[in-house]
Amino acid sequence: MALIRLYPSTLPGAPIREQQVTGMTLDAWLRESSPSYRRYDRDHHPLIAAVNDRLVPPAQWDEVWLGADTTVELRPQPAGGPELIAAVVAAVVSAAAALMLTPSLPSQRNSSTKGSKLLEVSAEGNQVRLGDLIPDIAGRVKANPDYIAATRRYFIEPKKQALDMLLCVGLGEYDIQPDDIKIGATPVTSLGTSVDLSVFGPGEDVTGHVAHQNWYNAPEVGPSTSGSGLRLKSSRDLQKTWTGTHTFDGTSITTPEGPPDSWAVGTQLTIELPIDFDVTGGGSEPNVFHGPFAHFEPEVGAIIYIHQPGDESGTGLRVTSYTAGSPDQMTLEDGLTNEPISDWSPGSYNRVIRRPNYADPRALHVIESIDSDGVTVRYEIDGTPVSNWAGFPVVTTGSALVEVDDQEYTGIWSSIFLACPEGETTDTLEFDLYAPQGLGHIDGSDVDRVQRTIEFRYREQGTTTWTTVSRTVEGATRDQLGWTFRESIPAMTPEVQMRRVSAESNATDDMDRLEWYGLRSRHPHATSYPGVTVIALTITGSDTIASQTENQVAAWVTRKLPLRENGAWTAPQPTRSPAAYAMHVAKAVGYTDDKLHLSEFERLADLWESRGDTYNAMHRDDSTVKEV
88 MALIRLYPST
98 LPGAPIREQQ
108 VTGMTLDAWL
118 RESSPSYRRY
128 DRDHHPLIAA
138 VNDRLVPPAQ
148 WDEVWLGADT
158 TVELRPQPAG
168 GPELIAAVVA
178 AVVSAAAALM
188 LTPSLPSQRN
198 SSTKGSKLLE
208 VSAEGNQVRL
218 GDLIPDIAGR
228 VKANPDYIAA
238 TRRYFIEPKK
248 QALDMLLCVG
258 LGEYDIQPDD
268 IKIGATPVTS
278 LGTSVDLSVF
288 GPGEDVTGHV
298 AHQNWYNAPE
308 VGPSTSGSGL
318 RLKSSRDLQK
328 TWTGTHTFDG
338 TSITTPEGPP
348 DSWAVGTQLT
358 IELPIDFDVT
368 GGGSEPNVFH
378 GPFAHFEPEV
388 GAIIYIHQPG
398 DESGTGLRVT
408 SYTAGSPDQM
418 TLEDGLTNEP
428 ISDWSPGSYN
438 RVIRRPNYAD
448 PRALHVIESI
458 DSDGVTVRYE
468 IDGTPVSNWA
478 GFPVVTTGSA
488 LVEVDDQEYT
498 GIWSSIFLAC
508 PEGETTDTLE
518 FDLYAPQGLG
528 HIDGSDVDRV
538 QRTIEFRYRE
548 QGTTTWTTVS
558 RTVEGATRDQ
568 LGWTFRESIP
578 AMTPEVQMRR
588 VSAESNATDD
598 MDRLEWYGLR
608 SRHPHATSYP
618 GVTVIALTIT
628 GSDTIASQTE
638 NQVAAWVTRK
648 LPLRENGAWT
658 APQPTRSPAA
668 YAMHVAKAVG
678 YTDDKLHLSE
688 FERLADLWES
698 RGDTYNAMHR
708 DDSTVKEV
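Residues 88 to 715 in the working numbering are what the sequence shown lists, from first letter to last.
Here's what the structure looks like:
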């Protein structure tokens with residue numbers, strides 16, 4: 088099939104759309120794709136067409152057959168034509184607009200106070216062709232090699248990113264000169280150390296180049312509608328209060344409407360539950376409090392508060408005695424004066440009784456599970472879960488306060504993602520962290536250095552026990568930063584999560600946003616690729632090449648085939664001979680020398696060479712030998 092590339096201008100850069108076409112002329116395709124198209128006159132057409140890198144005038148477009156060896160590049164003339172390009176693109180596929188939604192970070196080109204962009208690389212032009220035929224190339228053609236393995240994008244320095252690519256040129260052996268391999272329109276030889284390139288012939292060992300590794304990129308982690316990665320959120324980002332009529336029962340809390348959508352497992356809560364209790368004694372004797380108190384763990388010496396919901400005024404009270412029962416009983420003293428509490432009038436009360444969430448030790452409830460109806464929680468004191476916690480008494484009330492704890496904002500865990508394909512295992516994970524606004528604290532004209540810690544955890548799919556690792560990053564810059572971390576794990580099918588430990592600062596003088604940029608797992612790889620030629624390269628983001636052209640890896644390649652000389656076969660050598668390719672095709676399907684009219688092929692080869700005839704084509708469809 089022919090490849091048509093549409094460009095937005097005559098300037099260097101990547102095409103805005105590519106389409107494969109067959110079975111018509113260029114003129115017919117343009118008429119079919121855009122109702123506004125017409126050929127105009129011979130000298131003033133708004134489009135420029137280059138067919139196999141040769142400019143073709145509009146008068147000949149109805150003679151350009153879109154065959155398997157054809158590449159057409161369409162560009163608007165500077166004096167006009169973008170409207171026609173736009174019409175063609177819109178008529179061919181409206182999804183071209185999706186290119187505008189792909190996060191793209193240009194190369195670093197300035198040092199303004201906004202901070203510089205990360206030196207990022209991208210790879211969009213070369214394609215994955217699962218199940219397609221491997222190209223068989225005759226002569227010399229411009230090839231856009233196909234992916235053999237998934238690309239691997241990673242940070243080699245906080246301000247520099249690298250991209251590994253492993254590409255298949257085609258069946259057989261080729262002569263490929265370094266100057267003939269280009270990224271966009273730029274030869275890789277002019278990019279210096281920004282490109283690490285190796286070409287491997289059929290069956291050669293590819294393990295000497297880092298791009299030979301087989302990495303699986305988890306699709307759930309990466310660019311989103313809100314950024315280049317998944318933002319690592321904190322409790323500050325959550326809906327604060329869960330309103331409604333709550334039913335408390337043991338470890339569960341429910342409402343008819345269910346909990347806020349933004350809440351998740353691990354969210355820390357402050358809960359103020361009014362309960363009914365009785366008071367006896369008083370005067371010359373200490374008051375005795377009778378009621379369901381087990382839910383706040385009233386151990387002797389613990390500080391508690393008794394108040395109306397939302398009103399935390401008053402002095403902390405210390406538990407001096409506690410007896411579990413039906414009901415529970417306790418006595419209290421003033422937390423400052425140590426005087427026994429005896430000034431309550433005997434009677435029945437409805438108040439909140441709880442341990443504080445802001446004192447040391449802090450008492451909090453943490454979500455353990457969540458569904459559309461409610462949550463289950465555990466009770467923690469000073470960060471340690473209370474074992475055998477009795478849970479809440481059975482109470483249904485519209486007066487309870489259930490909200491995200493705001494005394495100490497913390498990071499919250501991301502969703503759980505599978506790090507490798509279902510049913511496969513890995514022992515190596517990589518994950519990327521990204522600071523899109525830089526990292527640091529602005530202090531006048533300076534940027535102070537700050538450190539941030541993230542936690543990454545993994546477990547075998549379907550299990551409940553996590554293994555957690557911590558990583559700390561630092562920065563003192565407005566420039567975008569990125570980090571890649573590798574973790575060796577026991578062989579498993581891992582589920583993973585990530586969170587930032589401290590909450591993201593909302594101060595205007597802090598650059599503190601962190602995003603989960605990528606997740607990969609490494610899998611077994613081939614050490615060689617018999618029968619095909621392979622290009623391995625690592626592209627490093629730099630100022631030597633723009634990010635929009637780094638993705639277009641192409642090469643002018645010449646097929647190497649045995650030739651007939653003096654009645655014998657030579658070793659494979661670069662050739663554009665029609666006779667050499669015809670004999671190669673015949674022998675590839677089983678013809679032996681005694682079945683070929685070799686002397687006639689030799690005669691034709693000499694004739695065609697004397698006339699300067701060549702055959703240059705790329706076959707990637709299921710053509711018959713006769714058609715080829």
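C-beta atoms are modelled at their ideal positions from N, C-alpha and C, and glycine is treated no differently. This structure is a prediction, so every number in the text was calculated from the model and none was measured.
Just the Cα atoms here: how many angstroms apart are Glu687 and Thr679? 15 Å
Taking Cβ positions, are Asp251 and Thr625 nearer each other than 7 Å? yes
Beta-carbon proximity check, Gly527 vs Asp566, cutoff 7 Å: no
Nearest candidate by alpha-carbon position, reference Ala351, set Pro472, Arg698, Ser456, Tyr496: Ser456
Sequence-distant residues of the same chain with beta carbon closer than 8 Å to Thr338, five excluded per side: Glu455, Thr463, Val464, Arg465, Trp476, Gly478, Phe479
What do you reckon, are the CB atoms on Cys717 and Thr515 nearer than 7 Å? The question about residue 717 has no answer here: the residues shown for the chain are numbered 88 through 715.
At the level of alpha carbons, what is the spacing between Pro385 and Tyr521? 45 Å
Please list the terminal residues of the continuous alpha helix (DSSP H) segment that includes Ala155. Counting along the chain, Ala155 falls outside any alpha helix (DSSP H), and DSSP gives it neither H nor E.
Best match in Trp302, Pro414, Gly226 for proximity to Thr73 [C-alpha to C-alpha]: There is no way to answer for residue 73, as the model of the chain reaches only from 88 to 715.
Give me the Cα-Cα distance between His271 and Ala666, rounded to the nearest whole angstrom. Residue 271 is actually Gly in this sequence, not His. Approximately 33 Å, taken between the alpha carbons.
With H, G and I counted as helix, E and B as strand and the rest as coil, what does DSSP make of Arg147? A quick correction: the sequence has Gln, not Arg, at residue 147. Residue state, collapsed to three classes: helix.
Cβ pair Asn437, Asp363 closer than 7 Å: yes
How long is the line joining the alpha carbons of Arg240 and Ala249, rounded to whole angstroms? 6 Å
Assumed close pair Gln584, Arg558 - CB separation to whole angstroms, cut-off 8 Å: Not really, about 14 Å apart at Cβ, beyond 8 Å.
Give the straight-line distance between the Cα atoms of Arg227 and Asn703, rounded to the nearest whole angstrom. 5 Å
Residue closest to Gly470, alpha-carbon to alpha-carbon, out of Gln355, Asn139, Ser285, Pro343: Gln355
Would DSSP call Met111 helix, strand or coil? coil
Is Asn653 buried or exposed, if buried means 16 or more other CB atoms sit within 10 Å of its CB? exposed
Whose CA, out of Ala675, Ala155, Ala137, lies closest to the CA of Trp148? Ala137
Where does Val282 land, buried or exposed, given buried means 16+ other C-beta within 10 angstroms? buried
Using only the alpha-carbon positions, how far apart do Asp430 and Trp553 sit? 50 Å
Would Leu142 and Thr109 be called neighbours here (beta carbons separated by less than 7 Å)? no
Residues that DSSP places opposite Pro310 in a beta bridge: Partner(s): none; Pro310 has no beta bridge.
7 Å CB neighbourhood of His382 in its chain, flanking five on each side removed: Ala477, Gly478, Phe479, Pro480
Using DSSP with H/G/I as helix, E/B as strand and the rest coil, what is His377? strand
Assuming Leu717 and Ser592 are in contact, meaning their beta carbons sit under 8 Å apart, how far apart are those beta carbons, in whole angstroms? Nothing can be reported for residue 717: it is not among the residues displayed for the chain, which extend from 88 to 715.
Alpha carbons only, please: which of Pro379, Ala450, Gly397 is nearest the one belonging to Gly412? Pro379
Just list the beta strand (DSSP E) runs in the stretch 337-420, keeping only unbroken ones of 3 residues or longer that don't cross its boundaries, in chain order. 339-341, 355-359, 361-369, 372-378, 390-394, 404-410
Nearest to Ser408 (by Cα), restricted to the options Ile391, Ser120, Ala613, Val621: Ile391
Extract the residue ranges of the beta strand (DSSP E) inside the stretch 450-492, only unbroken runs of 3 or more that lie entirely within it. 450-457, 461-468, 479-484, 488-491
Just tell me which of Leu505, Thr342, Asp398 has its CA closest to the CA of Val308. Leu505
Between which residues of its own chain and Ile91 is the CB-CB distance below 6 Å, once the five residues before and five after are set aside? Gln106, Val108, Val159
Buried or exposed: which applies to Val175, given that a residue is buried once 16 or more other Cβ atoms fall within 10 Å of its Cβ? Confidence at Val175 is low in this model, with a pLDDT of 47, below 50, so its placement is unreliable and no value can be given for it.
Which whole-angstrom value is the C-beta distance of Ser321 and Ile541, which I expect to be below 8 Å? That belief does not hold up - the Cβ atoms of Ser321 and Ile541 are roughly 12 Å apart, past 8 Å.
What three-state label does DSSP hand Met670 in the structure shown? helix
Measuring CB to CB, does Lys647 end up less than 7 Å from Glu260? yes
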